[in-house]
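Respectively, the protein sequence lines represent chains F and B.
Read in numbering that gives the first Met the number 0, the first sequence has 38 at position 39, and its numbers run on one by one without any break.
Read in numbering that gives the first Met the number 0, the second sequence has 532 at position 533, and its numbers run on one by one without any break.
Take a look at the structure below.
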Amino acid sequence: MRDIIRILIAPLVWLATFSAIYGLHGLLCGHGINGTAFGLPIERVLLGAAFLFAILLQTALLFALYHPSLAASSEFSRFVSRATGWVGLVATLWSLSPVVLTTYCV
Amino acid sequence: MNALGRHRKLTAIWASEPGFKGWFSTVNHTDLGRMFLATAFFFFFIGGLLAMLIRAQLATPHSAFAGPDIYNQIFTMHGTIMMFLFAIPTFEGLAVYLLPKMLGTRDLAFPRLTAYGFWCYAFGGSMMLVSMVFGIAPDGGWFMYPPLSGAIHSPGINTDFWLIGITFVEISAIAAAVEITVSILKYRAPGMSLDKMPIFAWYALITALMILTGFPPLILGSILLEVERAFGFPFFQAELGGDSLLWQHLFWLFGHPEVYIIFLPAAGVISTVLPVMCRTPLLGYGWIVAAALALAFLSFGLWVHHMFTTGIPHMGLAFFSAASTLVAVPTGMQIFAWIGTMWKGRPELHLPMLHLLGFFFTFVIGGLTGVMVAVVPFDWQAHDTAFITAHLHYVLFGGFVFPIFAGIYYWMPHFTGRKRFFYLGEFAFALVFIGFHVTFLAMHWVGLLGQRRRISTYAPEDGWTAINLISSVGSFVLAIGIAMILIDVFLHALTASRGRRNPWRAGTLEWAMITPAPAYNFASLPHVTDRNPLTIEPDLAVQLAKGEGYLGTPRNTWRETLTVEVASGKPDMHVIYPANTRLPILMSAVTGIFFLSLLLKFYWTVPVAVVGVAILAWKWVWSIGRQDDMDTVPVGQDIHLPNFAMTDRPPGWWGSVFLLTANATLFGSLLFGFAFLWTVAPGWPPPDWFPPSVSALALGIIGAGLGPIAMRYATQKNRNGGTPLASLALTLAGAVLVAVACAAMMVHTPAPTRHAYAATLFVLGSYGLFHAALGILMVCFLIARVRCGFTSSARRAEFPIVRLWIDYLSVVSVLILVVAHLPGLMG
Numbered sequence: 000m001r002d003i004i005r006i007l008i009a010p011l012v013w014l015a016t017f018s019a020i021y022g023l024h025g026l027l028c029g030h031g032i033n034g035t036a037f038g039l040p041i042e043r044v045l046l047g048a049a050f051l052f053a054i055l056l057q058t059a060l061l062f063a064l065y066h067p068s069l070a071a072s073s074e075f076s077r078f079v080s081r082a083t084g085w086v087g088l089v090a091t092l093w094s095l096s097p098v099v100l101t102t103y104c105v
Numbered sequence: 000m001n002a003l004g005r006h007r008k009l010t011a012i013w014a015s016e017p018g019f020k021g022w023f024s025t026v027n028h029t030d031l032g033r034m035f036l037a038t039a040f041f042f043f044f045i046g047g048l049l050a051m052l053i054r055a056q057l058a059t060p061h062s063a064f065a066g067p068d069i070y071n072q073i074f075t076m077h078g079t080i081m082m083f084l085f086a087i088p089t090f091e092g093l094a095v096y097l098l099p100k101m102l103g104t105r106d107l108a109f110p111r112l113t114a115y116g117f118w119c120y121a122f123g124g125s126m127m128l129v130s131m132v133f134g135i136a137p138d139g140g141w142f143m144y145p146p147l148s149g150a151i152h153s154p155g156i157n158t159d160f161w162l163i164g165i166t167f168v169e170i171s172a173i174a175a176a177v178e179i180t181v182s183i184l185k186y187r188a189p190g191m192s193l194d195k196m197p198i199f200a201w202y203a204l205i206t207a208l209m210i211l212t213g214f215p216p217l218i219l220g221s222i223l224l225e226v227e228r229a230f231g232f233p234f235f236q237a238e239l240g241g242d243s244l245l246w247q248h249l250f251w252l253f254g255h256p257e258v259y260i261i262f263l264p265a266a267g268v269i270s271t272v273l274p275v276m277c278r279t280p281l282l283g284y285g286w287i288v289a290a291a292l293a294l295a296f297l298s299f300g301l302w303v304h305h306m307f308t309t310g311i312p313h314m315g316l317a318f319f320s321a322a323s324t325l326v327a328v329p330t331g332m333q334i335f336a337w338i339g340t341m342w343k344g345r346p347e348l349h350l351p352m353l354h355l356l357g358f359f360f361t362f363v364i365g366g367l368t369g370v371m372v373a374v375v376p377f378d379w380q381a382h383d384t385a386f387i388t389a390h391l392h393y394v395l396f397g398g399f400v401f402p403i404f405a406g407i408y409y410w411m412p413h414f415t416g417r418k419r420f421f422y423l424g425e426f427a428f429a430l431v432f433i434g435f436h437v438t439f440l441a442m443h444w445v446g447l448l449g450q451r452r453r454i455s456t457y458a459p460e461d462g463w464t465a466i467n468l469i470s471s472v473g474s475f476v477l478a479i480g481i482a483m484i485l486i487d488v489f490l491h492a493l494t495a496s497r498g499r500r501n502p503w504r505a506g507t508l509e510w511a512m513i514t515p516a517p518a519y520n521f522a523s524l525p526h527v528t529d530r531n532p533l534t535i536e537p538d539l540a541v542q543l544a545k546g547e548g549y550l551g552t553p554r555n556t557w558r559e560t561l562t563v564e565v566a567s568g569k570p571d572m573h574v575i576y577p578a579n580t581r582l583p584i585l586m587s588a589v590t591g592i593f594f595l596s597l598l599l600k601f602y603w604t605v606p607v608a609v610v611g612v613a614i615l616a617w618k619w620v621w622s623i624g625r626q627d628d629m630d631t632v633p634v635g636q637d638i639h640l641p642n643f644a645m646t647d648r649p650p651g652w653w654g655s656v657f658l659l660t661a662n663a664t665l666f667g668s669l670l671f672g673f674a675f676l677w678t679v680a681p682g683w684p685p686p687d688w689f690p691p692s693v694s695a696l697a698l699g700i701i702g703a704g705l706g707p708i709a710m711r712y713a714t715q716k717n718r719n720g721g722t723p724l725a726s727l728a729l730t731l732a733g734a735v736l737v738a739v740a741c742a743a744m745m746v747h748t749p750a751p752t753r754h755a756y757a758a759t760l761f762v763l764g765s766y767g768l769f770h771a772a773l774g775i776l777m778v779c780f781l782i783a784r785v786r787c788g789f790t791s792s793a794r795r796a797e798f799p800i801v802r803l804w805i806d807y808l809s810v811v812s813v814l815i816l817v818v819a820h821l822p823g824l825m826g
């Protein structure tokens, strides 16, 4: 069962962070939260921080999946879990990139 | 015992009742798989007829063939039947029939559940057909958007048929998904580690997990909309704090993954059939598994691309547009792996291969138009036009129907034990291929010229007449082709001569048996050392028939099999299956009374049906287990295994884990809906807030804490040989406290018809109360089992199952009570 978890964990975390950031975006726009931090609008800062957190989380997972003490013992599970680890990271970078590329509440 | 004697003995143990009566009591996966497939294709036939009526109507402008009211029913039922009553059940039927054979075992994990699922599907589907016969079929489109489908704009019973009928049918999908998931993870031949699983099993596993997480949002949406229609709870009414967009979110949270739930099993068929047709192993097995997993997950991040025109902010659109383009990558990887397999091998143009080529051509076009509509500006132009209808048919017909036809022809010798002699199929394929592309290429074109979806007619001056006529002619060619395929299959099944075993020289285990398959599948179970066992051991079938594998000697009248560890494939449990019974059909009939009572508003029969289901469920579970300890069982090859009743992780525990996964998704969707309405819906804040109560909250939290702690203590006590009754009584008390807290919450909620806030709280309270009642029932059951001697320190399997449900109750009840009380307590 641990091998199945290793295989599923990175895409699951992507799904969770993707939904959470979409939800955060909804909350920020729905409740009209505004202000500035570090010279930037607070919405952009919060969304950017969440994006960065998601990337760091995926990077840490990928690192864990490559680490000898945490990686799967069977070659097949190791390969598939690392492949889905990369899927998680790439999906995070690509699907959440609008956080830094587009307007947020228009 | 010689092979013939073994065959006779096993047949006597495993066979269904002979004749017509056997249909109602069979729990055998081979029979039920065939029944699923036959019923699904019956619905396909009906759905196809409706498609012909649609095209007859649109063939000419100002057509008087059908009025708008009937036309609305026709296109709604066409979509509904094809999606819910054909595509998903076809996957279920194929998986139910094939998986135990491919995995090298004798049946699925829960044979009675397979039968229950089938009868729920048959009864629910029949309910929908009856509505059509009486002219009161659903007419709001297969996605039933409110406010059109609300009680104000659709006051008749039509929409209720959809909401209640589909929910009934989806019990079948959830049952099959639990069944398939547990079977693939646990019920495999010894030695079949994850890397040796047949590729179809990987696809089926991923699809089943998607059903478990994709269907609950729609089930929730259907419940909420039906409750709104029946009792006036305003979940989707903007003026009372609801929002019709909530339905779209819930529907498409299901609806987009649904596309992949349909495609992935077909991709499993392609990955199985193509290498055999090309006489080479599948290229990139590991990559394909990873790509299918990626596709499954990404598909849950796309739902808003069906809502690009609903006024969502640009960043929200961009998230889903980006995710939508990303799915092309794992899809492309699979396509390239298949092309590579063809390149590496020597393709032979048998009939299944023709359908696979039809798939490639059609699905790639559908995929490319999919990328087009993933781009927001293009989608704004094409949204709700016939272009989208054409796109989805390219994806679904190309990505499902062609591969399924390939699969049907590929496994036909297995279903019947006969070989084709009447070559109608090749000609039929040509008609289907030509007819399909004429129909839907034309539809792309007319969509780009501005023809909206779902219109019942148009004017000559719109300039769409010739294209629609071409499309309709194409559709009739397509229909003739499909009719010829059905005739070909019937002729094959009824008249063809006996064929030899494994006519395709395939390597997977389903061909290591006599055909048509015997009720027990394998006379003895194989030990698997390769992904294509028959390729390295061509005489494996003979060895298994001689009883040289596991469980080769029939014992008593036991229907025996064994399970394995999930990753390694090492044997870990001995299982005895239940025998033929009419309990599943009876229970689905009583379940049907529950749904029918809701539909016809005979509310006084609802509790009767609920009690009936509870009694039957009690009887169902009571028949499992033993009243004496059992030694480890010799299963062959010098291996002894414990019976499942004497383990901590019995099959029921695994089934509960995945059923609770679906349940948790439904609960999560309900919380999402609450947060969505609170954040986005107009008409907030509500006129009355829930009056918080520290004592009610504390009572519930104490109950939620007491249950799991006492249940753990009961488990430990039983394991140490003591009596767990006192701890179980405490667990019961915990569940009762939770029930009281949830009931109090429902009583004190402001009138749920006045605002969506109160309506949602009421539903949350009901959810908690229902699970508390379930927990009470389960603990009472366990107490009865302890008292009747069904448990001992060795026979402990039932404790972890109940513990799982009590833990779940604890978590959800705390969340529910906090959601209700905390905002008020914080001021």
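Beta carbons are placed, not taken as given, at the ideal position from N, Cα and C, and that holds for glycine.
Being a predicted model, the structure only gives us computed values, none of them experimental.
By the beta-carbon neighbour count (other beta carbons within 10 angstroms, threshold 16), V129 of chain B is exposed. For the region 58-75 of chain F, the beta-carbon criterion of a distance under 7 Å to any beta-carbon of chain B is satisfied by S73 and F75. Close partners of A82 of chain F in chain B (Cβ separation under 9 Å): G285, W286, V288, A289, A290, L292 and A293.
Residues of the region 181-209 of chain B with a Cβ closer than 8 Å to any Cβ of chain F, in chain order: L184, S192, L193 and D194. Shown here for I364 of chain B: same chain residues with a beta carbon closer than 6 Å to its own, the five before and five after excluded, namely Y393 in chain order.
Between the C-alpha atoms of A709 of chain B and L727 of chain B there is a straight-line separation of about 7 Å. Here DSSP, grouped into helix, strand and coil, assigns G190 of chain B to coil. Taken through DSSP and simplified to helix, strand or coil, R81 of chain F comes out as helix. For P145 of chain B, no alpha helix (DSSP H) segment is defined, and its DSSP state is neither H nor E. Non-local C-beta neighbours of A55 of chain B in its own chain, meaning closer than 6 Å and more than five positions away in sequence, comprise F64, ordered along the chain.
The beta-carbon of L95 of chain F is placed less than 8 Å from the nearest beta-carbon of chain B. Bridge pairing for P154 of chain B: absent [DSSP]. Going by beta carbons, P274 of chain B and T340 of chain B fall inside the 8 Å limit. The beta carbon of L14 of chain F sits closer than 8 Å to some beta carbon of chain B. With 16 or more neighbouring CB atoms inside 10 Å of its own CB, V634 of chain B falls in the buried class.
The contact set of T101 of chain F on chain B, defined by CB atoms closer than 7 Å, consists of H313, M314 and A317 in chain order. Just so you know, the alpha carbons of A176 of chain B and F657 of chain B end up roughly 9 Å apart. A check of alpha carbon separations from G84 of chain F across B:G134, B:Q636, B:A290 and B:S148 identifies B:A290 as the nearest. Residue-level contact check: G369 of chain B does not touch chain F, since none of the beta carbons of chain F fall below 8 Å from its beta carbon.
Within the DSSP bridge table, the entry for Y766 of chain B names no partner. Around the beta-carbon of R451 of chain B, fewer than 16 other beta-carbon atoms lie within 10 Å, marking it exposed. Interface flag for I8 of chain F against chain B is unset, since no Cβ pair is found closer than 8 Å.
Proximity of chain B to I3 of chain F at the Cβ level (cut-off 7 Å) is accounted for by V565, in chain order. Between the region 380-389 of chain B and the region 350-361 of chain B, the count of C-beta pairs closer than 8 Å stays below three; the two stretches do not touch. Membership of V563 of chain B in the beta strand (DSSP E) is indicated by the continuous run R558 to V563. With contacts defined as CB atoms closer than 8 Å, W617 of chain B and F404 of chain B fail to qualify as a contacting pair. Distance check between A757 of chain B and each of B:V811, B:W804 and B:F673 places B:F673 closest, using alpha-carbon atoms only. In terms of Cβ geometry, G220 of chain B and F250 of chain B form a close pair [threshold 8 Å]. In this structure, DSSP gives I32 of chain F a state outside helix and strand, which the three-state scheme calls coil. Using beta-carbon distances, L51 of chain F does not count as an interface residue toward chain B, since no partner is under 8 Å. When DSSP assignments are scanned along the region 712-781 of chain B, the uninterrupted stretches of alpha helix (DSSP H) that are 4 or more residues long and fall wholly within it turn out to be 724-747. DSSP places L524 of chain B in the strand class (E or B) of the three-state scheme. Residues of chain F whose Cβ lies closer than 8 Å to the Cβ of A755 of chain B do not exist; the shortest such Cβ separation is about 15 Å. The Cβ neighbour count for L763 of chain B, taken over all protein chains shown within 10 Å, is at least 16; the residue is labelled buried. Residue pairing from DSSP places L640 of chain B in a beta bridge opposite B:V632. Taking the Cα of T75 of chain B as reference, the smallest distance to any Cα among B:L245, B:L52, B:L97 and B:S171 is reached at B:L52.
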